[in-house]
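The numbering of the sequence shown is my numbering, which starts it at 2 and goes up by one. Don't be surprised by glycine CBs; every beta carbon is placed ideally from N, CA and C. The structure displayed is predicted, hence computed values, not measured ones.
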Amino acid sequence: MTAPRPADPPSEDLSRLADLHGVATSYSPSPDRTVAASATAVTRTLAALGVEASTPGAVRAALAARERELGARLLPPTVVGWGTGTPAALATLPEGTRLRVHTEQGETRASAEQLPPGVHRLTATAPDGRTATAYLVIAPARLPTPAARSHGLLVQLYSLLSRRSWGMGDLGDLTELAGWAGRALGAGFVQVNPLHAAVPGAPTDPSPYRPSSRRFPDPVHLRIEDVPEYAYIKDRERLDALLEKSGRLRTAVLEEGALIDRDAVWELKREALELLCDVPLGPGRRAAYCDFLAEQGQALEDHATWCALAEVHGSDWHRWPTGLRDPRSADTARARRGLMDRVDFWSRLAWLTDTQLTAAQRAGREAGMPVGVVHDLAVGVHPGGADAWAQREYFAAGMSVGAPPDAFNARGQDWGLPPWRPDRLAASGYAPFRELLRALFRYAGALRIDHVMGLFRLWWVPQGHPPTEGTYVRYDAEAMLAVLVLEASRAGALVIGEDLGTVEPGVREALRERGVLGTSVLWFERDWEGDGRPLPPESWRSDCLATATTHDLPSTAARLTGEHVELRDSLGLLTRPLEEERAEAAADTGEWLALLTGLGLLHGAGGSDTSSEEAEIQAVHRFLLRTPARLVGVWLPDGVGDRRPQNLPGTWDQYPNWRLPIADAQGRPVTLEDLAASPRLHALMAVLNEQGQAPPGPAAPGPSRA
2 MTAPRPADPP SEDLSRLADL HGVATSYSPS PDRTVAASAT AVTRTLAALG
52 VEASTPGAVR AALAAREREL GARLLPPTVV GWGTGTPAAL ATLPEGTRLR
102 VHTEQGETRA SAEQLPPGVH RLTATAPDGR TATAYLVIAP ARLPTPAARS
152 HGLLVQLYSL LSRRSWGMGD LGDLTELAGW AGRALGAGFV QVNPLHAAVP
202 GAPTDPSPYR PSSRRFPDPV HLRIEDVPEY AYIKDRERLD ALLEKSGRLR
252 TAVLEEGALI DRDAVWELKR EALELLCDVP LGPGRRAAYC DFLAEQGQAL
302 EDHATWCALA EVHGSDWHRW PTGLRDPRSA DTARARRGLM DRVDFWSRLA
352 WLTDTQLTAA QRAGREAGMP VGVVHDLAVG VHPGGADAWA QREYFAAGMS
402 VGAPPDAFNA RGQDWGLPPW RPDRLAASGY APFRELLRAL FRYAGALRID
452 HVMGLFRLWW VPQGHPPTEG TYVRYDAEAM LAVLVLEASR AGALVIGEDL
502 GTVEPGVREA LRERGVLGTS VLWFERDWEG DGRPLPPESW RSDCLATATT
552 HDLPSTAARL TGEHVELRDS LGLLTRPLEE ERAEAAADTG EWLALLTGLG
602 LLHGAGGSDT SSEEAEIQAV HRFLLRTPAR LVGVWLPDGV GDRRPQNLPG
652 TWDQYPNWRL PIADAQGRPV TLEDLAASPR LHALMAVLNE QGQAPPGPAA
702 PGPSRA
C-alpha cells in the first residue's frame with residue numbers, strides 16, 4: 002500500500018539528484034506502506050549538503066554537475082578493504098591503472114593486496130593520465146566472538162551513590178562496583194550510561210544523550226579524593242566546607258527524598274578542582290600530563306578552549322561574538338591566549354577524568370572480568386556544544402536528527418542533535434569518527450552504540466519544520482563499520498549495537514557479519530512474523546546482549562506488577578482508557594509468565610507479593626540464560642526491586658528523568674554499600690551463576706577472544 006503523496010512531491014529530476022547524494026525521497030514505516038518525502042524536505046536537506054536545488058533550473062544544473070563528477074571519478078574519497086583481500090572498489094578501475102599506497106605504518110607499496118590494518122593513503126593513476134587520491138581503510142574481516150558467555154550489570158552511574166560520593170554516583174563508585182561485581186558476583190562487565198561532557202547551564206540538561214562533547218568525558222564524574230593532589234591542598238578550611246556541603250547533598254538524596262542535583266554537585270566539585278589545580282604537579286605527574294596533552298593534540302585544545310570561552314560568553318557558541326564562532330579564527334587564537342589559565346584548567350580536568358576512567362576499567366579486569374566497563378556512545382551532540390563548534394565543518398547546518406512517524410509516535414521525533422555530513426566524513430577518511438572511537442576505547446572493554454542504525458542512515462529534520470517533514474540521509478555504512486571494527490580490534494574491545502525498534506532490512510545482517518553484537522530485550526522478543534507469542538529461548542539470536550529492560554523502559558518489577566501503566570496514567574500519557582491499558586499489560590505479562598512456568602523456570606513463588614515478584618524476576622533471568630545470547634545483562638535496580646524508570650520517554654518536567662537514585666521496592670534509596678549487602682541482589686546474581694557461563698547454542702563464527 003502506498004500512502005497519498007505529499008502536497009509538494011519531488012520532481013523526477015530532484016529525485017534523481019537526491020539519490021545521487023544519498024538523500025531519500027520516501028520511507029517505509031512498515032513493510033506494506035511507503036510514504037513519500039516532500040520536495041521541501043529534500044531541497045532543504047540537499048542545501049545542508051551544499052547542493053543548490055531551490056529552482057528547477059538549479060536542480061538540472063546540480064544534477065548535470067553531479068553526474069559529470071561521478072562519471073569522471075576514479076575512486077570514492079574513502080575505499081574500504083576487509084582482511085587481506087583486494088578492496089572491491091579497485092575492481093572498477095580501468096585496466097592498467099597504477100596504484101601506490103602509503104601505509105599508516107610508513108611504508109610505500111605498489112599494490113593494495115596484503116596490507117596491514119590501518120588507514121592508508123591510496124593514489125591511482127589511470128592510463129589516460131587521470132589521478133585520484135583516496136583514504137584506504139583496511140579492517141579485520143570481523144570482530145572476534147566473545148570466548149565465553151558472560152553476564153554483567155547495567156547501571157546509570159549518576160544513580161549509584163555510595164557513602165563517599167558527593168550527591169551522585171562517580172568514578173570512584175564505578176571502580177568499586179567493577180571490583181566487587183567481578184570478584185563477588187562473577188560478573189563479566191558493567192555497562193554504564195554515556196559519560197560524555199555535558200553542556201554547562203542553569204539548569205544543565207540532565208540527559209546523558211545530548212552532550213556537549215562525545216570525545217571527552219565530564220569531570221563531574223571525578224572522585225575528588227582519589228586525585229593525588231588532593232592530599233596537598235593548602236586551604237583545608239575551604240576544602241572542609243566543601244566536604245560538609247557535599248555530605249548534605251548526599252544525605253538529601255539518600256535520606257530525605259531529594260532528587261539528584263547534578264548542578265549542585267558540579268558547583269562543589271568545580272570549586273574543589275580549582276583548589277586541586279592550584280597544587281603543582283610532581284615531575285612524574287607533570288610528565289604524564291604533558292604526554293596526555295601531546296597525544297590528544299588539537300582536539301583537546303579545542304575542547305578546553307570552548308569550555309573557557311563558554312565561561313565568558315555562555316554555553317551556545319552561536320551567540321558568541323562573530324569572530325569566536327570559528328575555532329580557527331585569529332579572534333579565537335587571541336582569546337585562547339588570554340584565557341590560557343582556564344584552557345589549562347579544563348585540559349587538566351580532561352586528563353584527571355581519563356585517568357579515573359582508565360582505573361575503573363583496570364579494576365574490572367583485575368577482578369576477573371573478561372570485558373570490564375562497557376561505555377555508551379550517544380547518537381549525537383548538542384548543537385551549541387564543544388564538538389559542534391570544534392568540528393562545525395562536519396555538521397549539517399540547519400538540520401536535526403530524529404525519527405519518522407511510526408506506530409508508536411505518529412508525530413515523529415526531533416532529538417535536537419545536528420547530524421554529521423556524510424560527504425565531509427568520507428572526504429576526511431572518517432577522521433572525526435576514528436578519533437572519537439579511539440578516545441572512547443582508551444578505557445572501554447566494550448562500547449554500546451546508541452541507535453546503531455545511524456551508521457547506515459539518519460532521519461534529518463530541517464530546522465523549523467516538524468519531524469514529519471524530514472527525510473533519511475544515507476551514510477557509507479561499509480566505511481563506518483570498517484572504521485568501527487578497526488578501532489575496536491586495536492583496543493581488543495567488543496561492540497554492542499542498540500538495534501531496537503524499526504530497523505531497515507539488511508542492517509542486522511551487516512552488523513552480525515562484522516561481529517557487532519545486537520541488543521535483545523525480553524518483552525520485545527515475540528514471533529512478530531508468526532503468531533505474535535513470546536519467542537522461545539532457543540529461537541533467540543546468539544550475537545546479542547540479552548536483557549530484561551533498559552534505562553528507557555519500566556523496571557522488571559514495575560512491568561510484572563503493572564505499576565508502569567499506573568505511572569503513565571498519573572502523568573496523562575495514556576492514549577486509551579486505563580482499563581484497556583491495564584488489560585493489555587496484564588495479558589502481555591501473563592503470556593510471559595505462562596512460558597516461564599511451562600519451561601520450569603518459575604519456582605520459589607508464594608507468600609507475599611514481594612517474594613512472588615522476586616521469584617518472577619529470577620525466572621526472567623533464568624530464561625535469558627536459556628537463550629544462546631553471548632552476553633546477559635542485569636539492570637542493577639532490578640536486583641533490589643526498584644519500581645521507577647530512570648527515563649520516561651515523552652516527558653520533560655512531568656517526571657524526574659535522569660535524576661533518581663537506585664531505590665528498593667518501597668522507593669527508599671539504596672547505596673552501593675547496601676547493594677553489596679543485599680540478600681535479594683545476591684540471590685538474583687546466584688541465578689546467573691547457577692547455570693555456568695557457556696550458552697547452550699554454538700558461538701557465532703570467528704576467532705575466540707582471549
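State yes or no: is the C-beta of residue 151 within less than 8 Å of the C-beta of residue 189?
-> Judged by their CB atoms, residue 151 and residue 189 are nearer to each other than the 8 Å cut-off.
Alpha carbon to alpha carbon, how far is residue 633 from residue 546?
-> 6 Å
Could you tell me which of 579, 570, 627 sits nearest to residue 597, measuring between CA atoms?
-> 627
Going by Cα to Cα distance, which pick from 381, 635, 454, 443 is closest to residue 421?
-> 381
Bridge partners of residue 192, per DSSP?
-> 155, 375
Below 6 Å CB to CB, which residues in the same chain sit around residue 438 once its five sequence neighbours on both sides are set aside?
-> 488
Kindly indicate which residue of 544, 362, 526, 542 has the alpha-carbon position closest to the one of residue 536.
-> 526
To the nearest whole angstrom, what separates the beta carbons of residue 342 and residue 213, a pair I think is in contact under 8 Å?
-> Not confirmed; about 21 Å, so no contact.
Rounded Cβ spacing between residue 359 and residue 443 (contact assumed at less than 8 Å) | 7 Å
Where does residue 707 sit, in a helix, a strand or coil, going by DSSP?
-> Here residue 707 scores only 28 on pLDDT, less than 50, and its place in the model should not be relied on; the value that follows carries that caveat. Residue 707 falls in the coil class under three-state DSSP.
Contacts around residue 231, its chain only, beta-carbon distance under 7 Å, and the 5 residues preceding and following it disregarded | 225, 277
Inter-residue Cα distance where the pair is residue 47 and residue 134 | Rounded to whole angstroms, the gap between the alpha carbons of residue 47 and residue 134 is 25 Å.
Under three-state DSSP, which class holds residue 234?
-> coil
Using a threshold of 8 Å, state whether the C-beta atoms of residue 43 and residue 71 are closer than that.
-> no
Integer Cβ distance of residue 642 from residue 615, believed to fall under 8 Å = 7 Å
What did DSSP end up calling residue 198 once you bin it into helix, strand or coil?
-> strand
Which listed residue (158, 154, 532, 312) has its alpha carbon closest to that of residue 685 | 154
Counting only runs of 3+ residues fully inside the segment 506-540, write out the beta strand (DSSP E) ranges in chain order.
-> 519-522
Note the first and the last residue of the continuous alpha helix (DSSP H) segment covering residue 263.
-> 263-278
For residue 321, does the three-state DSSP call read helix, strand or coil?
-> coil
For residue 454, which beta-bridge partners are listed by DSSP?
-> Under DSSP, no beta-bridge partner is assigned to residue 454.
Output yes or no for whether 8 Å exceeds the beta carbon distance between residue 428 and residue 497.
-> Not in contact: residue 428 and residue 497 (Cβ atoms no closer than 8 Å).
What three-state label does DSSP hand residue 164 in the structure shown?
-> coil
Nearest-angstrom Cα distance between residue 503 and residue 377?
-> 20 Å
Residue from 393, 274, 486 whose Cα sits closest to the Cα of residue 142 = 486
Specify the secondary structure class of residue 297 as computed by DSSP and reduced to three states.
-> helix
CB residue 586 to CB residue 566, shorter than 8 Å?
-> Taking the C-beta atoms as reference points, residue 566 is found nearer than 8 Å to residue 586.
Using 10 angstroms around the beta-carbon of residue 607, count the other beta-carbons present and answer buried if the total reaches 16, otherwise exposed.
-> Because the pLDDT of residue 607 is 47, which lies under 50, any placement of that residue in the model is unreliable, and the number read from its coordinates should be weighed accordingly. Residue 607 should be labelled exposed.
Can you name, in chain order, every residue of its own chain whose Cβ lies under 7 Å from the Cβ of residue 691, other than the five neighbours on each side?
-> none
Can you give, in chain order, each stretch of the beta strand (DSSP E) that sits fully within the segment 400-436 and has at least 3 residues?
-> Within the segment 400-436, the runs of beta strand (DSSP E) that reach at least 3 residues and sit entirely inside it are, in chain order, 400-404, 414-418.
Residue 572 by DSSP, collapsed to three states: which one?
-> coil
Can you list, in chain order, the residues of its chain whose CB lies under 6 Å from that of residue 19, leaving out five sequence neighbours each side?
-> 26, 43
Grab me the residues of residue 5's own chain with a C-beta within less than 6 Å of its C-beta, minus the 5 sequence neighbours each way, in chain order.
-> In this prediction, residue 5 scores a pLDDT of 47, lower than 50, which makes its location untrustworthy; the coordinate-derived value is nonetheless stated afterwards. Same-chain partners within the cutoff: there are none.
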